[in-house]
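Participant:
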Amino acid sequence: MHNEIASPQQSASATSSQWLFSLVRALVFLFPITVATVGWGSSIFVLLLLPALYYGRGWNTLSTWEQRLMLGYVLVFAVMVLSMVNAQDFKESGQMLERFLRLALIVPIYLMFRRFRFCMGRELAAGALVACFAMGAQAIYEVMWQGESHAEGYYHKIVFGDLAVWWAAVVAVLATTVVKNGWARAVIAVAISVALYASVLSQTRGAWLFIPLIPAILLWSQWHMLKNSRNWIVAGVAALMVIGGGAAFQSQKVMGGIERGVEELQSFENNPGELSSWGTRLNLWRNSLLLLQETPILGSGVGDFRVDMERLVEEERSWSRHVVLFSHAHSIYFDALARGGILGLLTTVSVLLVFPFVIFARELRRSRQPWSRFYAIGGVMLIAAFAVFGFSEGLWARNPLVNTYVTGLVVLLAGAVNSREDSAQNASPPPGEYA
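The sequence shown maps to residues 1 to 435 in full-length UniProt numbering.
1) The alpha helix (DSSP H) that contains LEU401, what's its start and end?
2) In terms of residues, what are the limits of the alpha helix (DSSP H) holding ASN283?
3) Just to confirm, are LEU412 and LEU382 a CB contact at a threshold of 8 angstroms?
4) For residue 436, name the three-state secondary structure that DSSP assigns.
5) Could you pull out every residue in the same chain whose Cβ sits closer than 8 angstroms to the Cβ of VAL406, ignoring the five residues on either side in sequence?
6) Suppose you measure from the CA of ALA414 to the CA of ASP304; what does that come to, to the nearest Å?
7) Going by CA-CA distance only, name the one from PRO272, GLU66, GLN222 that's closest to GLY409.
8) Under 8 angstroms between the Cβ atoms of GLY121 and TRP319?
9) So, TRP402 versus ARG99, is the Cβ gap smaller than 8 angstroms?
10) For PHE21 and PHE90, what's the separation of their Cα atoms in angstroms?
11) Runs of 4 residues minimum, wholly inside the stretch 38-120: which ones carry the alpha helix (DSSP H) assignment?
12) Start and end of the alpha helix (DSSP H) containing SER199?
13) Assign ARG114 to one of two classes, buried (16 or more other C-beta atoms within 10 Å of its C-beta) or exposed (fewer than that).
14) CA-CA distance, TRP59 and ALA175?
15) Mind reading off the beta-carbon distance from THR344 to VAL130? Whole number of angstroms is fine, and I expect it under 8 angstroms.
16) Could you tell me the distance, in whole angstroms, from the CA atom of residue 436 to the CA atom of VAL323?
17) For VAL38 versus TYR154, is the C-beta spacing smaller than 8 angstroms?
18) Near LEU290, which residues of its chain fall below 7 angstroms by C-beta distance, leaving aside the five closest residues on each side in sequence?
19) By Cβ distance, which residues of its chain are closer than 6 angstroms to ALA207, with the 5 residues on each side in sequence left out?
20) Considering just the uninterrupted stretch of the alpha helix (DSSP H) at ARG339, what are its terminal residues?
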């Protein structure tokens, strides 16, 4: 199976860069395994960033669209800094800005990957494969041995459940693009099942919303291969995920979670102030719209969400008093509206979700080799996952999820561009290909 997931041969500009190559390989492999289980995500991010601050050069070698995307991440940080003109809680503002700064620091890390032409798909996929089994084992241990009501890993059940589904998506992409051996595919099928079961044990209902999209994206992204090459493995993996997902959703834990969600919505309708998971989210979203009415352009400030919730409760404008327990809106969309106003929402959604999705979709149309398709489809899957996860969770308020977005974006986008350019050097590019 080792040979089945080997990515194209790496190149470096000098012998002295071999230590950097080895370091980055190790970090990319370890990140999926540790980010939700033992909490090494921030440490790995720092270890990636430190050499990137020195080696991350070559801005002029980037294409125009790459430069625009990188500037977009800096712009997101700048908009959140600008929102501080309305802020009161500067301590909380500093903590939130540190997370948005990580998004801006994509730039030097991406430059380092492009300069040394790192294609770390093998390492990311192998780490994701191990992560599926590690998270499954941890979830079973926490729930069945320790007697916990749900699995939560090192941080929180939402982080754990979201990332379990995400790593399952990564290995599903691997199975439909690169892996050819039947036994390897069987191992991957088991890994996907284990990871999805870990998510079920976490009781993270927001993560379950993305599960049906995984086979849908696989079929959409490789439909022409089904028609032209009869690559039925894509349909097979998609069908297995649909069947497995359907079976999982019949489990007692999943059905119980869905039933609780329905009960919470009914309870909110009768008593909006009652404490519940969905009831609190709906109150947070409503209050975010109230804040938008007050400061529509720049929002109420990047770190003032909890302060504003306390104020709305004191003014008796909030339906629930429990909103004071939260420092974010439990949704990246409503959170952006509250913190950064209309400008913040448009900037974050366009830069963090829409623009990268368009870029990965374009890379997918131009991909020719298996690893190129892995990077492109994986990138589409990454953006779709965070768009769905972010509907009911404030992803940018949690370091493990920010670190996962940054690491995934850099590895997949740099890998897509580097592998395409390497292929173009070995063969004449087809019409319409760009360098």
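Beta carbons are placed, not taken as given, at the ideal position from N, Cα and C, and that holds for glycine.
Facilitator: A quick look at the data gives this:
1) Sequence index remark: in the sequence shown, residue 401 carries index 401 (1-based). Counted as a single uninterrupted DSSP element, the alpha helix (DSSP H) harbouring LEU401 occupies residues 399-426.
2) Locating residue 283 in the sequence shown gives position 283, where the first residue counts as 1. Where ASN283 is concerned, the enclosing alpha helix (DSSP H) stretches over 277-294.
3) In the sequence shown, counting from the first residue as 1, residue 412 sits at position 412. In the sequence shown, counting from the first residue as 1, residue 382 sits at position 382. Contact flag set, yes.
4) Only positions 1 to 435 of the chain appear in the structure, and residue 436 is not among them; the question remains open.
5) Here residue 406 corresponds to residue number 406 of the sequence shown, with the count starting at 1. PHE45, ARG102, LEU103, LEU105, ILE106, ILE109, listed in sequence order.
6) Locating residue 414 in the sequence shown gives position 414, where the first residue counts as 1. Locating residue 304 in the sequence shown gives position 304, where the first residue counts as 1. Going by the C-alpha atoms only, they are around 35 angstroms apart.
7) Position 409 of the sequence shown, counting from 1, holds the residue named residue 409. Position check: residue 409 holds Leu in this sequence, whereas Gly was assumed. Relative to LEU409, the option among PRO272, GLU66, GLN222 whose CA is nearest is GLU66.
8) Your numbering for residue 121 matches position 121 in the sequence shown. Your numbering for residue 319 matches position 319 in the sequence shown. For the pair GLY121 and TRP319, the CB atoms are not nearer than the 8 angstroms cut-off.
9) Your numbering for residue 402 matches position 402 in the sequence shown. Your numbering for residue 99 matches position 99 in the sequence shown. Trp is not the amino acid found at residue 402; the sequence shown has Val there. Yes. Within cutoff.
10) For the purposes of this step, residue 21 is taken as the residue at position 21 of the sequence shown. For the purposes of this step, residue 90 is taken as the residue at position 90 of the sequence shown. When only Cα atoms are considered, PHE21 and PHE90 end up about 39 angstroms apart.
11) As far as the stretch 38-120 is concerned, its whole alpha helix (DSSP H) runs of at least 4 residues are 41-55, 64-82, 90-104, 106-115.
12) Start at 1 with the first residue of the sequence shown, and residue 199 comes out as number 199. Counting along the chain, the alpha helix (DSSP H) containing SER199 begins and ends at 182-202.
13) Here the question's residue 114 lines up with position 114 in the sequence shown. Around the beta-carbon of ARG114, 16 or more other beta-carbon atoms lie within 10 Å, marking it buried.
14) On the sequence shown, position 59 is the one that residue 59 refers to. On the sequence shown, position 175 is the one that residue 175 refers to. Spanning the two alpha carbons is a distance of roughly 34 angstroms.
15) Residue numbering aside, residue 344 sits at position 344 when the sequence shown is read from its first letter. Residue numbering aside, residue 130 sits at position 130 when the sequence shown is read from its first letter. First, the amino acid is wrong: residue 344 is Gly here, not Thr. Actually they do not touch by this definition, with Cβ atoms about 37 angstroms apart.
16) Since the displayed the chain opens at 1 and closes at 435, residue 436 lies outside it and no answer follows.
17) In the sequence shown, counting from the first residue as 1, residue 38 sits at position 38. In the sequence shown, counting from the first residue as 1, residue 154 sits at position 154. Against a cut-off of 8 angstroms, the Cβ pair of TYR154 and VAL38 comes out as a contact.
18) Position 290 of the sequence shown, counted from the first residue, corresponds to residue 290. LEU312, ARG317.
19) For the purposes of this step, residue 207 is identified with residue 207 of the sequence shown, where counting begins at 1. So the list reads GLY161, ASP162, VAL165, SER199, once near-sequence residues are dropped.
20) Here residue 339 refers to the residue found at position 339 when the sequence shown is read from its first residue. Following the DSSP letters along the chain, one finds ARG339 inside the alpha helix (DSSP H) bounded by residues 332-349.
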